[in-house]
Amino acid sequence: MAYEAVIGLECHIQLRTRTKMFCECPAEFGAAANSNVCPVCLGLPGALPVTNGAAIDFALRLGLALGCDVRGQSVFARKNYFYPDMPKNYQITQYDQPLCEGGALPVTVEGAARTFALTRIHAEEDTGKSFHPERHGDRRVSLVDFNRAGVPLLELVTEPVLRQPSECFAFLTALRRLVRYLEISDGDMEKGQLRCDANVSVRPVGQQAFGTKTEIKNLNSIRAVEKGLEAEIRRQTELVQSGGKVEQATLLYDADHDKLAVMRSKEYAHDYRYFPEPDLPVLRLTPAWIEDARGRLPELPWTRMDRFTERYGLPVYDAGVLTDQRELADYYEAVAALVDAKKASNWVMGEALRHVKAQNLAMTEWATRVPAAHLAKIIAAVEGGTVTAAGGKTILETIAASGQDPTPLFAAHAVTSSSEDLLPLVRAVIEENPGPVSQYLGGKAATLGFLVGQVMKKSGGKAVPQVVQELLKSELAARAPSA
Ligand SMILES: [Zn+2]
79 MAYEAVIGLE CHIQLRTRTK MFCECPAEFG AAANSNVCPV CLGLPGALPV TNGAAIDFAL
139 RLGLALGCDV RGQSVFARKN YFYPDMPKNY QITQYDQPLC EGGALPVTVE GAARTFALTR
199 IHAEEDTGKS FHPERHGDRR VSLVDFNRAG VPLLELVTEP VLRQPSECFA FLTALRRLVR
259 YLEISDGDME KGQLRCDANV SVRPVGQQAF GTKTEIKNLN SIRAVEKGLE AEIRRQTELV
319 QSGGKVEQAT LLYDADHDKL AVMRSKEYAH DYRYFPEPDL PVLRLTPAWI EDARGRLPEL
379 PWTRMDRFTE RYGLPVYDAG VLTDQRELAD YYEAVAALVD AKKASNWVMG EALRHVKAQN
439 LAMTEWATRV PAAHLAKIIA AVEGGTVTAA GGKTILETIA ASGQDPTPLF AAHAVTSSSE
499 DLLPLVRAVI EENPGPVSQY LGGKAATLGF LVGQVMKKSG GKAVPQVVQE LLKSELAARA
559 PSA
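Given below as structure tokens:
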């Protein structure tokens with residue numbers, strides 16, 4: 079019997095706000111342990127939370143970009159549970175009245191345009207971070223850092239609409255690109271700015287009812303999500319095929335060893351005893367705020383990708399690469415405004431991105447060193463036939479290091495087409511190659527190509543082949559024995 083997987087993702091997006099969700103502590107990454115804390119985020123008695131308006135605005139922008147229904151009135155709730163890295167013993171989150179519901183993320187999966195439906199997006203606060211065990215001599219101790227406690231998070235939950243681990247890979251890549259376009263998060267999974275838990279079950283193809291699901295937690299890269307799901311789908315399929323039953327459980331995936339381990343088995347859903355947060359008012363978004371946020375949305379990555387294929391006539395692949403980052407797409411458009419769009423795409427995707435990757439530069443750093451106008455000058459010189467292709471690449475390399483205007487460098491790499499400059503080279507090649515010359519004069523016309531090649535080499539690749547060919551022909555004709 080054939081089986082298929084049913085997958086739902088639960089993503090946490092850490093927001094790039096200056097301060098935390100309910101207090102004014104900085105929300106920065108990498109500060110000294112327990113330095114960004116206050117009575118509110120430490121849960122001290124009597125401290126009162128105040129909602130961060132910027133975080134709500136970020137949530138609103140994500141919801142609008144994804145076409146969600148935005149709730150004008152949403153409610154914060156307490157989710158009660160004990161964990162050492164959570165000083166209040168409850169997390170402020172949203173429960174039955176979240177900020178956003180519905181919506182969908184457009185994703186390109188293996189070249190095809192798809193959309194994956196969302197259940198909800200809600201705002202909440204992050205927990206602190208435990209480190210254990212740490213060794214201090216012969217003692218093993220656990221440490222906790224509350225800097226992250228209270229950092230703004232969005233939880234985005236998909237419907238169980240994903241079937242393949244490769245779809246999840248494409249989904250998370252598209253989500254990361256979107257939060258970066260919206261400038262609401264850096265979306266770096268290695269730094270925990272984007273986190274993903276995956277729910278997965280298997281069922282016979284054609285069956286409507288879901289199988290028993292397991293949840294894979296702590297997946298810390300997009301590749302780990304894909305690999306972890308592949309391993310779990312394999313395990314569940316083998317289990318049910320051999321007559322076994324999947325037990326509901328929370329699993330951890332060890333990417334280094336491609337292994338799953340049971341973290342805890344759970345027979346029932348946790349009872350978190352949710353209730354409305356008594357210290358916060360109902361969150362009200364006015365229609366004016368919502369419309370204002372809609373007006374501030376940038377062109378979204380999928381819209382931009384479509385526009386690149388239509389307006390510039392680029393292949394889908396090129397459009398996908400160039401719209402992967404907003405800064406890259408901006409740079410490309412600035413170059414394409416000055417030279418042929420397809421040539422601009424070849425140079426930006428080829429030479430420019432090669433340098434950016436080799437030197438591990440941010441796109442903004444590259445654009446400062448080589449402004450679009452400078453790259454366009456090089457492309458125009460090469461395409462116009464005044465600078466050789468190899469020369470253009472060398473010039474780009476030079477200005478990528480120096481940041482100068484490329485124009486003064488053109489002369490050193492200029493194409494040579496003047497007979498005056500080329501004639502001495504042509505004559506030298508004739509002198510140095512008596513064998514091929516007599517072959518040519520004896521009627522073997524193909525030898526001319528070899529002689530052209532020798533002149534090109536002598537010119538350092540700067541000669542125009544057509545000019546060289548004409549010069550060779552007339553010089554050789556003068557030497558032909560008269561009939
Ligand atoms: Zn605080």
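Residue numbers (the working numbering): 79 to 561. Using N, Cα and C, we set each Cβ at its ideal position, and we do this for glycine too.
> Among residues of its own chain, excluding the 5 on either side of VAL426, which ones have a beta-carbon nearer than 8 Å to its beta-carbon?
Replying inline: Numbered from 1 along the sequence shown, position 348 holds the residue referred to as residue 426. LEU400, LEU406, TYR409, TYR410, VAL413 and LEU453, listed in sequence order.
> Measuring from the CB of VAL239, is there a heavy atom of ligand 1 at a distance below 8 Å?
Replying inline: As a working mapping, residue 239 is identified with position 161 in the sequence shown. Not one heavy atom of ligand 1 sits closer than 8 Å to the Cβ of VAL239.
> From GLU325 to GLN286, what distance separates their C-alpha atoms?
Replying inline: Numbered from its first residue, the sequence shown carries residue 325 at position 247. Numbered from its first residue, the sequence shown carries residue 286 at position 208. Spanning the two alpha carbons is a distance of roughly 19 Å.
> According to DSSP, is VAL542 helix, strand or coil?
Replying inline: Residue 542 sits at position 464 when you count from the first residue of the sequence shown. Three-state DSSP puts VAL542 in coil, outside helix and strand.
> Nearest to VAL283 by CA position, among MET79, GLY121 and LEU196, is which residue?
Replying inline: As a working note, residue 283 is residue 205 in the sequence shown. Measuring from the Cα of VAL283, the nearest candidate turns out to be MET79.
> Is it the case that the Cβ atoms of MET267 and SER220 are separated by a distance below 9 Å?
Replying inline: Position 189 of the sequence shown holds residue 267. Position 142 of the sequence shown holds residue 220. Going by C-beta atoms, MET267 is not nearer than 9 Å to SER220.
> Can you name the start and end residues of the beta strand (DSSP E) that HIS90 belongs to?
Replying inline: In the sequence shown, the residue the question calls residue 90 occupies position 12. Under the DSSP assignment, HIS90 falls in the beta strand (DSSP E) whose first and last residues are 81–92.
> What separation, rounded to the nearest whole angstrom, lies between the Cα atoms of LYS471 and ARG389?
Replying inline: Numbered from its first residue, the sequence shown carries residue 471 at position 393. Numbered from its first residue, the sequence shown carries residue 389 at position 311. Rounded to whole angstroms, LYS471 to ARG389 spans 27 Å at the Cα level.
>> Assuming VAL542 and VAL465 are in contact, meaning their beta carbons sit under 8 Å apart, how far apart are those beta carbons, in whole angstroms?
In response: The sequence position of residue 542 within the sequence shown is 464, counting from 1. The sequence position of residue 465 within the sequence shown is 387, counting from 1. With 8 Å as the limit, VAL542 and VAL465 do not qualify as a contact, their Cβ atoms being about 12 Å apart.
> CA-CA distance, GLY398 and LEU439?
Replying inline: Here residue 398 refers to the residue found at position 320 of the sequence shown. Here residue 439 refers to the residue found at position 361 of the sequence shown. When only Cα atoms are considered, GLY398 and LEU439 end up about 20 Å apart.
> Taking 8 Å as the cut-off, does the CB of VAL128 come closer than this to any heavy atom belonging to ligand 1?
Replying inline: Here the question's residue 128 lines up with position 50 in the sequence shown. No, the beta carbon of VAL128 sits no closer than 8 Å to any heavy atom of ligand 1.
>> Just to confirm my understanding: we take LEU564, look at its own chain, exclude 5 residues before and 5 after, and list those with CB closer than 8 Å. What are they?
In response: Not covered by the structure: residue 564. The range shown for the chain is 79 to 561.
> At a cut-off of 8 Å, is VAL278 close to ligand 1 when judged by its beta-carbon and the heavy atoms of the ligand?
Replying inline: The residue you call residue 278 lines up with position 200 of the sequence shown. With a threshold of 8 Å, the Cβ atom of VAL278 does not count as near ligand 1, since no heavy atom of the ligand is closer than that.
> Sorry if obvious, but does the Cβ on LYS98 come closer than 8 Å to a heavy atom of ligand 1?
Replying inline: Numbered from its first residue, the sequence shown carries residue 98 at position 20. Under cutoff, so the answer is yes.
> For LEU503 versus SER537, is the C-beta spacing smaller than 9 Å?
Replying inline: Within the sequence shown, numbered from 1, the residue matching residue 503 stands at position 425. Within the sequence shown, numbered from 1, the residue matching residue 537 stands at position 459. Yes, these two residues count as a Cβ contact at 9 Å.
> At which residues does the alpha helix (DSSP H) containing LEU439 begin and terminate?
Replying inline: Taking the sequence shown and counting its residues from 1, the one referred to as residue 439 is at position 361. Unbroken run through LEU439: none, as it is neither H nor E.
>> Applying the 10 Å Cβ sphere with the 16-neighbour rule, what's the burial state of PRO176?
In response: To locate residue 176, count along the sequence shown from 1; it is residue 98. Per the 10 Å Cβ criterion, buried.
>> At the level of alpha carbons, what is the spacing between ARG258 and GLN151?
In response: Counting from one through the sequence shown, the residue named residue 258 turns up at place 180. Counting from one through the sequence shown, the residue named residue 151 turns up at place 73. Cα to Cα, ARG258 sits roughly 27 Å from GLN151.
>> Run through the DSSP bridge pairs and tell me what GLN151 is partnered with.
In response: Residue numbering aside, residue 151 sits at position 73 when the sequence shown is read from its first letter. GLN151 pairs with ARG362.
> For ASP216, which three-state DSSP category applies?
Replying inline: Position 138 of the sequence shown, counted from the start, is the residue given in the question as residue 216. Correct three-state label for ASP216: coil.
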